[in-house]
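Report on one structure; see the data block that follows.
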Amino acid sequence: MGRQIHFVVDPQGWCCMSLIIFVWLYNTIFIPKVILFPHYEEGHISIVAVLCYYFCSLFCIASLLRASVSDPGKLPENPKIPITEREYWELCNKCNMMRPKRSHHCSRCGHCVRRMDHHCPWINNCVGEDNHWLFLQLCFYTQILSSYTLILDFCHYYYFLPLKKENGDVFVFRHELALLRISAFMGLIILVGISGLFYTQLMGIFTDTTSIEKMSNCCEDLSRPRKPWQQTFSEVFGTHWKILWFIPFRQRQPLRVPYHFANHV
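Quick note: the sequence shown uses the UniProt record's numbering, first residue 1, plus one each step.
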């Protein structure tokens, strides 16, 4: 799981994802060129600040690309249903295929996805059982990168010492203020939007409900057992090692979940 490449043919999704990549490229190119490198050369900041920015940028784009091309949990055409689990499967009324409960049919992708949370146009993919952890990492590192960018924009004008040496790039030197204002505007918009989305996702994991289940009010069964938050997060990320929850350069190994803990939708 998580190794099959999943590519969605959706022009709207391509446009949304292209916009996100453009914002990432803009800040990855201009912020070091305008702020980090000049202030590092004059001794105002350490190399650690430069490396941290590039690490955040790398983890952000890695989680974005992996979340967009990873299989979210697409069900095969003829799934093999274990005899002991047949009662936990149901028939989809849209594609007439058997699927585990808590699965959902995505009309944009045209197939059912295990434990589908929602279809996200910004990654041009569904967020399901096998790539939900990458989507959470994307939200997390996007917040960090946006916050870091805003802090650097602020410090460049109000905290760092003035640069003694002019920027060698004539275009950057002439349009420095405009470039930083655009960067600050994009960083603020993305930070506000992603923070709200990330909070919603965290609350969904804490309560063990997906966004679709919340909207359909299908999970109000108060008699079902409640799992501790460590268990729900471990199921999403595929490991009990918390340090691995923050690393996008790995393969997710699904944890076996007893069905008496499952929410049956």
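Cβ atoms here follow ideal geometry from the backbone N, Cα and C, with glycine treated the same way.
- Cα atoms of Leu161 and Arg226: separation of roughly 54 Å, rounded to the nearest angstrom.
- Closest option to Glu129, judged by alpha-carbon separation, among Ser211, Trp14, Leu65: Ser211.
- With three or more CB-CB distances shorter than 8 Å, the segment 52-70 counts as touching the segment 2-22.
- The DSSP-derived three-state label of Pro100 is strand.
- Looking at the DSSP output, Ile5 shares a beta bridge with Ser70.
- Counted as a single uninterrupted DSSP element, the beta strand (DSSP E) harbouring His119 occupies residues 118-120.
- Closest in C-alpha terms to Ile61, from the list Ser107, Ile189, Thr28, comes Thr28.
- Closest in alpha carbon position to Leu188, among Phe249, Gly204, Leu145, is Leu145.
- The C-beta separation of Ile31 from Ser183 comes to about 6 Å, placing the pair in contact by the 8 Å criterion.
- Within the same chain, Leu244 come within 7 Å of Arg250 by CB-CB distance, once the 5 residues on both sides are set aside.
- Inter-segment contact for the segment 117-124 and the segment 14-25 is present: three or more beta-carbon pairs are separated by less than 8 Å.
- For Leu161, the secondary structure class from DSSP, reduced to helix, strand or coil, is coil.
- Within its own chain, the residues whose Cβ lies closer than 7 Å to the Cβ of Pro79, once the five positions on either side in sequence are excluded, are Met98, listed in chain order.
- Take Thr207, set aside five residues on each side of it, and no residue of its chain has a beta-carbon closer than 6 Å to its own.
- Put simply, of Thr239, Phe185, Trp241, Gly73 the residue whose alpha carbon is nearest the alpha carbon of His119 is Gly73.
- The Cβ atoms of Leu75 and Cys112 sit closer than 8 Å to each other.
- Ranking Ala49, Leu58, Phe237, Trp133 by CA distance to the CA of Leu152 puts Ala49 first.
- Here Leu134 really is in contact with Ser63; their C-beta atoms are around 5 Å apart, less than 8 Å.
- Put simply, the backbone Cα of Gln143 is about 39 Å away from that of Asn93.
- Rounded to the nearest whole angstrom, the C-alpha separation of Val127 and Phe198 is 13 Å.
- Under the 10 Å beta carbon count, Gln137 is surrounded by 16 or more other beta carbons and is classified as buried.
- Judged by beta-carbon spacing, Ser147 lies within the 8 Å limit of Leu191, meaning their Cβ atoms are closer than that value.
- Counting other Cβ atoms within 10 Å of its Cβ, Ile194 reaches 16 or more and is therefore classed as buried.
- Contact annotation: Arg114 and Pro100 have beta-carbon atoms nearer than 8 Å.
- Counting other Cβ atoms within 10 Å of its Cβ, Met215 stays below 16 and is therefore classed as exposed.
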